[in-house]
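Protein chains: 2
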Amino acid sequence: MQEKIKLASLKNKPIGIFDSGFGGLTVMSAISKALPAENLIYFGDTAHVPYGSKSRDAVIKFSKDIAAFLLKNDIKLLVIACNTASAFALTALKKSLPVAVIGVIEPGAKAAVKNTKNRKIGIIGTEGTVSSASYLKAVKKISKARVFQQACPLFVPLVEEGWNKGEITQAVVKTYLTPLLKKNIDSLVLGCTHYPLLKDLLAKTAGKNVSLIDSATATANEVKEALLKKDLLSNAKKAALKFYVSDNPEKFKKIGSKFFCKKINKVKKICLEKM
Amino acid sequence: MQEKIKLASLKNKPIGIFDSGFGGLTVMSAISKALPAENLIYFGDTAHVPYGSKSRDAVIKFSKDIAAFLLKNDIKLLVIACNTASAFALTALKKSLPVAVIGVIEPGAKAAVKNTKNRKIGIIGTEGTVSSASYLKAVKKISKARVFQQACPLFVPLVEEGWNKGEITQAVVKTYLTPLLKKNIDSLVLGCTHYPLLKDLLAKTAGKNVSLIDSATATANEVKEALLKKDLLSNAKKAALKFYVSDNPEKFKKIGSKFFCKKINKVKKICLEKM
Numbered sequence: 001m002q003e004k005i006k007l008a009s010l011k012n013k014p015i016g017i018f019d020s021g022f023g024g025l026t027v028m029s030a031i032s033k034a035l036p037a038e039n040l041i042y043f044g045d046t047a048h049v050p051y052g053s054k055s056r057d058a059v060i061k062f063s064k065d066i067a068a069f070l071l072k073n074d075i076k077l078l079v080i081a082c083n084t085a086s087a088f089a090l091t092a093l094k095k096s097l098p099v100a101v102i103g104v105i106e107p108g109a110k111a112a113v114k115n116t117k118n119r120k121i122g123i124i125g126t127e128g129t130v131s132s133a134s135y136l137k138a139v140k141k142i143s144k145a146r147v148f149q150q151a152c153p154l155f156v157p158l159v160e161e162g163w164n165k166g167e168i169t170q171a172v173v174k175t176y177l178t179p180l181l182k183k184n185i186d187s188l189v190l191g192c193t194h195y196p197l198l199k200d201l202l203a204k205t206a207g208k209n210v211s212l213i214d215s216a217t218a219t220a221n222e223v224k225e226a227l228l229k230k231d232l233l234s235n236a237k238k239a240a241l242k243f244y245v246s247d248n249p250e251k252f253k254k255i256g257s258k259f260f261c262k263k264i265n266k267v268k269k270i271c272l273e274k275m
Numbered sequence: 001m002q003e004k005i006k007l008a009s010l011k012n013k014p015i016g017i018f019d020s021g022f023g024g025l026t027v028m029s030a031i032s033k034a035l036p037a038e039n040l041i042y043f044g045d046t047a048h049v050p051y052g053s054k055s056r057d058a059v060i061k062f063s064k065d066i067a068a069f070l071l072k073n074d075i076k077l078l079v080i081a082c083n084t085a086s087a088f089a090l091t092a093l094k095k096s097l098p099v100a101v102i103g104v105i106e107p108g109a110k111a112a113v114k115n116t117k118n119r120k121i122g123i124i125g126t127e128g129t130v131s132s133a134s135y136l137k138a139v140k141k142i143s144k145a146r147v148f149q150q151a152c153p154l155f156v157p158l159v160e161e162g163w164n165k166g167e168i169t170q171a172v173v174k175t176y177l178t179p180l181l182k183k184n185i186d187s188l189v190l191g192c193t194h195y196p197l198l199k200d201l202l203a204k205t206a207g208k209n210v211s212l213i214d215s216a217t218a219t220a221n222e223v224k225e226a227l228l229k230k231d232l233l234s235n236a237k238k239a240a241l242k243f244y245v246s247d248n249p250e251k252f253k254k255i256g257s258k259f260f261c262k263k264i265n266k267v268k269k270i271c272l273e274k275m
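Protein chains in written order, with my numbering: chain Y, 1 to 275; chain Z, 1 to 275.
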C-alpha cells in the first residue's frame with residue numbers, strides 16, 4: 001500500500017526541460033501535446049543565449065547549473081531541449097544525475113534512420129551542433145546511412161527577428177540547403193529547436209522528395225516511452241506548466257508564446273550564479 | 001622629482017577596453033592607430049555574447065564584473081567599446097570606478113551633430129541600443145537635430161557568418177535602411193561595433209548624400225583628448241596589447257583578427273564568476 005502511494009507521488013512529479021532560450025519551447029509544446037497530464041518545468045538560459053556559438057566547456061557548465069536548479073524542483077525526468085546542450089552535455093548529465101536524462105539528438109537521429117529509404121540523411125543545426133558531429137555519430141551507431149551536415153547560423157537570428165518567411169529568408173534557406181540537396185538526401189533533420197518555425201520555407205526549398213524530421217516530436221515520443229517503461233506517467237487531472245529564465249522574463253513571455261504556440265502568462269527570473 | 005616618477009609610471013599604465021565579444025576590437029584598432037604608444041588590455045565577454053538582446057540589469061552586472069577585472073590589471077582609463085553596454089552601464093560605471101570611463105555613444109553622437117547639415121541624423125544599432133534611445137538622448141543634449149532610429153538585429157550574425165557582402169546582405173541592408181533614407185537623413189551613425197565591417201554595403205545603399213559616422217574613430221579621438229588633458233599619454237617605446245575572453249579563446253583568435261585587422265596571437269580565458 002505504501003509502495004503504491006510512493007509511486008503515485010513519484011508519478012506526479014514534474015518533468016524538467018531546459019534550453020538556451022525560447023527554442024526548447026517547441027519541444028515542451030510537443031511533450032505537452034503528447035502527454036497533456038504531465039506537470040512541466042521549463043528553464044530558458046536567456047542570460048547566455050545562444051549556446052550555438054559557445055564552447056563545449058561553457059555549455060557543460062551552464063547545463064549542470066540548470067540541472068541542479070531543476071533537481072531542487074523535484075523533477076522525475078530531465079529533457080535537454082537544446083541541440084547544442086544535448087551534443088555537449090548529455091553524457092556528463094547522464095553520469096551525474098539521479099534521474100533519467102533525454103536529449104533531442106538520439107530521438108531525431110532514430111526518426112531519420114527509420115524514415116530514410118535511400119540512406120542519405122541531411123542534418124542542419126547551429127555551429128556547435130554541427131561541429132560536435134553528434135547527429136552523425138548517433139546515426140552511425142544504429143545504421144549505415146550516409147550523413148551530410150550543414151551549419152545554418154543565420155536561421156536562429158532570422159526566426160528571432162520574426163522573418164519566418166519572405167524573399168530574404170528564402171534566399172538564406174536556399175544557400176544553406178543547396179549543398180545538401182545536391183547530395184540527394186531524402187530525410188532532413190531539423191537539428192535546432194528554432195527550425196520548426198521555418199518549416200514552410202524548408203519544405204518548399206527541399207521539395208516533396210525530402211521528408212523533414214522534427215526532433216521535437218521525436219523527443220516527445222521518447223519521453224512518453226521512457227515514462228511508460230518506468231510506470232511513471234502522470235495521472236494528474238490538471239497539469240501545471242512553469243517557466244523560469246536567467247534574464248528578460250518580459251521578452252520571454254512575448255517571444256516565447258510564438259514558440260510555445262500558446263500564451264505564456266507567468267515567467268520567473270532566477271539567478272543561477274547566486275544559488 | 002618623486003611626483004614626476006609617479007606620473008611617468010601612471011602614464012604607462014594600460015587602457016582597459018571591453019565588449020561583449022569581437023566587435024569592440026574595431027574600437028581597440030582605432031585607439032591603437034590613434035595612440036600607438038598606449039598599452040591596451042581587451043576583454044571580450046564571449047560567454048554572454050551578444051549583449052544586444054539581454055536586459056539592462058544583466059548588462060550592468062556583466063559590465064561591473066569586467067570592470068573589476070580590468071581594474072585589478074591597474075588600468076588608467078576604461079573604454080566601454082560596446083554600444084549596448086555604453087547605453088546601459090556607462091552611468092553606473094562612471095559613478096563607481098576610480099578611473100575615467102568613456103563609452104562609444106557620446107563620441108558618436110557628437111561626431112554626427114558636427115557632421116549634419118540638414119539636422120537629420122539616422123542611428124542604426126542592436127535592439128538593446130535602440131530601445132535604450134541613448135544616441136537619441138546624447139544628440140538631444142547638444143543639438144536640436146532630429147534623430148531617426150532603426151534596430152538591425154541581423155547585422156551582427158551576418159558579419160559573424162562572414163557574409164559582409166553579397167545579394168542577401170545587400171537585401172537585408174536595404175530593408176533596414178529604407179525607412180531612415182525616406183526621412184532624408186544626411187548622417188548615419190554606425191551604432192554597433194560590428195557595423196564597420198558592413199561599411200561598403202551601407203555606403204552603397206545610403207548613397208553619396210549620407211555620411212557614415214563610425215563611433216570607433218570618434219571614440220579613439222575622445223580617448224586621446226582625455227589623456228592629453230590629464231597629461232597621461234603614454235611614452236612607452238613599445239606598446240603591449242593583451243586579450244582576455246570569458247569563453248572560446250581559439251575562436252576569438254580566428255574571428256577577432258578580422259575585426260582587429262591584425263593577427264591576434266595570444267588570448268587568455270578568464271572565468272569572472274570565480275573571481
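The beta-carbon is built from N, C-alpha and C at its ideal position, and this holds for glycine as well.
Item to check | Endpoints, the beta strand (DSSP E) within which Lys-120(Y) is located | outcome: 120-125
Checklist entry - With 9 angstroms set as the bound, which would you pick, yes or no: does the beta-carbon of Pro-36(Z) sit closer than that to a beta-carbon of chain Y? => result no
Item to check | Run of the alpha helix (DSSP H) containing Ile-255(Z), from where it starts to where it stops | outcome: 249-260
Checklist entry - What do you reckon, are the CB atoms on Ala-203(Z) and Ala-30(Z) nearer than 9 angstroms? => result no
Item to check | Extent of the continuous alpha helix (DSSP H) to which Val-172(Z) belongs | outcome: 167-182
Next on the checklist: Across the segment 103-112 of chain Z and the segment 41-48 of chain Z, are there enough close Cβ pairs to call them in contact, namely three or more that are closer than 8 angstroms?
Outcome noted: no
Item to check | Local conformation of Leu-212(Z) per DSSP, three classes | outcome: strand
Checklist entry - Do we get a CB-CB distance below 9 angstroms when we pair Asp-57(Y) with the residues of chain Z? => result yes
Checklist entry - Which full runs of the beta strand (DSSP E) of 3+ residues lie inside the segment 122-159 of chain Y, going along the chain? => result 146-151
Next on the checklist: So with CB distances below 9 angstroms, who are the chain Y contacts of His-48(Z)?
Outcome noted: Ala-47 and His-48
Item to check | Proximity test, Cβ basis, 9 angstroms: Thr-175(Z) and chain Y | outcome: yes
Item to check | Spatial distance of Val-159(Z) from Pro-50(Z) (CA atoms) | outcome: 13 angstroms
Checklist entry - Counting Cβ pairs closer than 8 angstroms, one from the segment 120-135 of chain Z and one from the segment 87-94 of chain Z, do we hit at least three? => result yes
Checklist entry - If you measure from the beta carbon of Leu-157(Y) to each beta carbon in chain Z, is any gap under 9 angstroms? => result One detail in the question is off: residue 157(Y) reads as Pro in this sequence, not Leu. At least one chain Z Cβ lies under 9 angstroms of Pro-157(Y).
Checklist entry - Using the rule of at least 16 other Cβ atoms within 10 Å of the residue's Cβ for burial, across every protein chain shown, is Cys-271(Y) buried or exposed? => result exposed
Checklist entry - So which of Asn-248(Y), Ile-75(Y), Asn-115(Y) and Ala-240(Y) has the shortest CA-CA distance to Leu-97(Y)? => result Ile-75(Y)
Checklist entry - In three-state DSSP terms, what is Ser-96(Z)? => result helix
Checklist entry - Helix or strand or just coil, what does DSSP make of Phe-22(Y)? => result coil
Next on the checklist: Please confirm whether Ile-168(Z) has its beta-carbon closer than 9 angstroms to some beta-carbon of chain Y.
Outcome noted: yes
Item to check | CB contact below 9 angstroms: Ser-299(Z) versus chain Y | outcome: Only positions 1 to 275 of chain Z appear in the structure, and residue 299(Z) is not among them; the question remains open.
Checklist entry - Who does Lys-268(Y) pair with in a DSSP beta bridge? => result Tyr-244(Y)
Checklist entry - According to a CB-to-CB cut-off of less than 7 angstroms, which residues of the segment 240-270 of chain Y neighbour chain Z? => result Asp-247 and Asn-248
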